[in-house]
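Notes for the one structure printed next.
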Amino acid sequence: MNRPSFLTRLSGREHKEKSSAVNHSGSDANLAPKRRLWRQRSLASPSSALQGLQTLPPSPPSTPRHSPKSSPRTLPTPSPQNPASLPPCYSRPVEAIREEQYPHMNNGVYMDHSGTTIYARATVERFAQRMYSNLYGNPHSASEPAKISGLMVDSIREKTLRFFGADPRHFDLVFVSNATAAIKLVADAFRDLSEQTRSGSFWYGYHRDSHTSLVGVRELASGEHRCFGSDAEVEAWLDNPDPYPDSHRAGGLALFAYPGQSNLTGRRLPLSWLRKLRASKPLRNTYSLFDAAALAMTSPMAHVFADVDAAPDFTCVSLYKIFGFPDLGGLIIRKDSGHILALRKYFGGGTVSLVSTIGSAWHMSKGLDTAHTNAEDNNKSESSHGSRLHEGLEDGTLPFHSILALGEAIDVHRELFGSMDNIARHTLLLSRYLYDRMVSLRHPVNGRPLCKIYTEEEEEGEGKEVYGNGTKQGATVAFNLLRADGTYVSYAAIEKLANDSKIYVRSGGICCPGGVFTALQYEPWQLNRARSAGHHCGSDGLSVINELPTGVVRASLGAMSTVKEVDAFVSFLRDTFIEEAGTRAQESSSNISPAVVSSVPEPGFEHQASTCESV
381 MNRPSFLTRL SGREHKEKSS AVNHSGSDAN LAPKRRLWRQ RSLASPSSAL QGLQTLPPSP
441 PSTPRHSPKS SPRTLPTPSP QNPASLPPCY SRPVEAIREE QYPHMNNGVY MDHSGTTIYA
501 RATVERFAQR MYSNLYGNPH SASEPAKISG LMVDSIREKT LRFFGADPRH FDLVFVSNAT
561 AAIKLVADAF RDLSEQTRSG SFWYGYHRDS HTSLVGVREL ASGEHRCFGS DAEVEAWLDN
621 PDPYPDSHRA GGLALFAYPG QSNLTGRRLP LSWLRKLRAS KPLRNTYSLF DAAALAMTSP
681 MAHVFADVDA APDFTCVSLY KIFGFPDLGG LIIRKDSGHI LALRKYFGGG TVSLVSTIGS
741 AWHMSKGLDT AHTNAEDNNK SESSHGSRLH EGLEDGTLPF HSILALGEAI DVHRELFGSM
801 DNIARHTLLL SRYLYDRMVS LRHPVNGRPL CKIYTEEEEE GEGKEVYGNG TKQGATVAFN
861 LLRADGTYVS YAAIEKLAND SKIYVRSGGI CCPGGVFTAL QYEPWQLNRA RSAGHHCGSD
921 GLSVINELPT GVVRASLGAM STVKEVDAFV SFLRDTFIEE AGTRAQESSS NISPAVVSSV
981 PEPGFEHQAS TCESV
């Protein structure tokens, strides 16, 4: 069967030398806030029920109150001795916002925002009011309640794209349950389409710091995959892909994935790779999958999507990491790349325009119809390509009530914090303050440090240059604790003791297998011996094996985090783990001694080129 002509891009993707047709800044500050939320609207018509939900045109850029005129990417150093020197970043003190909108955070110190941030009270209240003020039907129906839901979903889809700074003329948004579902959607489509290529499979490259969900894509690539063990390896591949011929074979298909921010350490990876990949002629059939789940939580995304020609082909986001509620994810698709996904095999309810079950089996995909029609119709403008791509990718009934809640969450978020630039500044300043306080903790008995903090530059003594620099680091601190004699405290014990003190962090491998064992400086044979000793992911794993930790503790901050919380956390570390003369930090049964490990036979293992190849 002849493939549609728009698939010829697989054998020769054009590299356009023109600038974006639209100078779209995408800043949150450019979006005019909604006037007020609806008040007991009738069901007379979809338009009346959607009043206040329609996307408003961007207002002229303005400088938010308390926002610096200069770029917030590199920030002044706050003083640990004078936390009051932390400058205000919002229109009112964060403590006032906390008291009014986050009373449910008063009974503890929450420092796991990278898992999910916390929802505002106003979001829940406004969502509840919408729910009991209107009648919403299944968007797949044609009733008035169904039309209300359909129009509401369309409006919030566009609002969400604009929140991320992604021009709806060039990008589409597919609602999914979480970022992992977005990744799997892309992976399944690449597997299905690659079966039509000469090799019958696709090549997959991913960075060492990738989340487990990105690593898992390699299982669909039929063994043709590569874990890049460092930034330098990625740069070398982009400059000269010849050592990796499978990544650019003629008529082949390839996918390169990496996170914008490490889920483990908060390290931010270069955005320049996206532009280099798009500009590379040998890699013209290699597409990009950008994991922005951690990055988008505290960083504006306009700089990712402003230049359409340098934007990722596919970007996954976790909306609950940004707003706390609802529990939704999203896949942002560059429309010029959308045909790749439209050719997936599986179809669910609502994604097809016609299906035959009697006689020959065939179906018409809405997504494929859209991509084919737009690519064939030369009279259509480029910006209209794939304008309804999401219709062929959202299987079954959408979680339309959750999408309604998302619209409220975006509005409340903007009202409380102003813009993502403000949040970036607040969290970067606060994370630098946290870092400075943690590195100042030392055991009086011998002056040795309590905290070992994992950053890319820490070994070179440049950790202080990382925290507060939004280009290099997010609002996350990954660490282990050391006793005065230099041995490690069990990270599981740290989390348990913190939890008992109502301080909430996360510990373990943090779903970042390549990143964690690289940070801990494991060799492949050590990881295999740890497996033989019985270690596995989870709170009941072995925290320390042969005097080496198997994971870390992660403390992560969010838009509503405060200096008081940081101080409480540091006080907990100091009061619980600092050793005076004659004392010792907490012991834990989750440790395993060198003698026990040495008695475990080493499994057969073929040495790999890098640690992440073994995870």
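Per the numbering used here, the very first residue in the sequence shown carries number 381; after that it's consecutive.
All C-beta atoms in this analysis are idealised placements derived from N, C-alpha and C, irrespective of residue type, glycine included.
Contact defined as beta carbons within less than 8 Å: I believe residue i pairs with residue j. What is the distance between those atoms, to the nearest angstrom?
i, j, result
"residue 678", "residue 807", "4 Å"
"residue 685", "residue 669", "Rounded, the Cβ-Cβ distance is 15 Å, inconsistent with contact."
"residue 780", "residue 516", "6 Å"
"residue 555", "residue 710", "6 Å"
"residue 532", "residue 773", "At roughly 19 Å, the Cβ-Cβ gap does not stay under 8 Å, so residue 532 and residue 773 are not in contact."
"residue 671", "residue 639", "4 Å"
"residue 932", "residue 553", "Between residue 553 and residue 932 the Cβ distance is about 33 Å, and since that is not below 8 Å, they are no contact."
"residue 797", "residue 470", "6 Å"
"residue 809", "residue 466", "5 Å"
Within its chain, find whatever has a CB closer than 7 Å to the CB of residue i; leave out the 5 residues flanking it on each side and keep chain order.
i, result
"residue 830", "821, 822, 823, 861, 862, 953, 957, 958"
"residue 492", "884, 885, 886, 936"
"residue 614", "587, 608, 653"
"residue 560", "593"
"residue 581", "574, 601, 602, 604"
"residue 724", "568, 569, 572"
"residue 804", "452, 678, 679, 680, 850"
"residue 778", "519, 533, 555"
"residue 606", "585, 624"
With a threshold of 8 Å on Cβ separation, who are the neighbours of residue i within its own chain once the five nearest residues in sequence on each side are excluded?
i, result
"residue 786", "536, 540, 699, 703, 706, 708"
"residue 817", "460, 946, 947, 950"
"residue 976", "Confidence in residue 976 is poor, its pLDDT being 37 and thus under 50, which makes the residue's placement too unreliable to answer from."
"residue 430", "Interpretation of residue 430 is limited by its pLDDT of 45, a score under 50 that renders its predicted location unreliable; the figure taken from the coordinates is listed afterwards. Cβ within range, chain order: 528, 531, 532, 535."
"residue 646", "494, 674, 811, 853, 854, 855, 856, 857, 858, 936"
"residue 484", "498, 501"
Could you tell me which residues DSSP puts in a beta bridge with residue i?
i, result
"residue 743", "735"
"residue 583", "634"
"residue 550", "According to DSSP, which records beta bridges pairwise, residue 550 is partnered with nothing at all."
"residue 935", "857"
"residue 713", "552, 694"
"residue 671", "639, 696"
"residue 666", "634"
"residue 470", "DSSP lists no partner for residue 470."
"residue 602", "Paired residues: none, contrary to the question."
"residue 829", "822"
"residue 868", "862"
"residue 647", "853"
"residue 608", "587"
Tell me where the beta strand (DSSP E) around residue i begins and ends.
i, result
"residue 639", "634-639"
"residue 860", "856-861"
"residue 852", "From DSSP, residue 852 is part of no beta strand (DSSP E); its letter is neither H nor E."
"residue 776", "No beta strand (DSSP E) contains residue 776, which DSSP labels as neither H nor E."
"residue 654", "Premise fails: residue 654 lies in the alpha helix (DSSP H), 652-659, not in any beta strand (DSSP E)."
"residue 477", "Element bounds for residue 477: not the beta strand (DSSP E) but the alpha helix (DSSP H), 474-481."
"residue 888", "886-888"
Starting from residue i, follow the alpha helix (DSSP H) in both directions and report where the run begins and ends.
i, result
"residue 695", "Premise fails: residue 695 lies in the beta strand (DSSP E), 694-698, not in any alpha helix (DSSP H)."
"residue 570", "559-574"
"residue 683", "682-685"
"residue 944", "943-957"
"residue 882", "That residue, residue 882, is in no alpha helix (DSSP H); it is neither H nor E in DSSP."
"residue 897", "893-899"
"residue 485", "Premise fails: residue 485 is in no alpha helix (DSSP H) and is neither H nor E."
"residue 908", "904-912"
"residue 592", "592-595"
"residue 721", "719-722"
Looking only at its own chain, which residues have a Cβ that is under 6 Å from the Cβ of residue i, when we skip the five neighbours before and after it?
i, result
"residue 792", "500, 502, 503"
"residue 476", "none"
"residue 597", "567, 584"
"residue 449", "Its pLDDT being 35, under 50, residue 449 is placed unreliably by the model, and nothing is read from it."
"residue 738", "none"
"residue 403", "Confidence in residue 403 is poor, its pLDDT being 39 and thus under 50, which makes the residue's placement unreliable; the coordinate value appears in the next sentence. Nothing listed; no residue qualifies."
"residue 735", "743"
Worksheet item: Counting only runs that start and end within the segment 489-546, where is the alpha helix (DSSP H) found for 4 or more residues in a row?
Response: 501-513, 524-543
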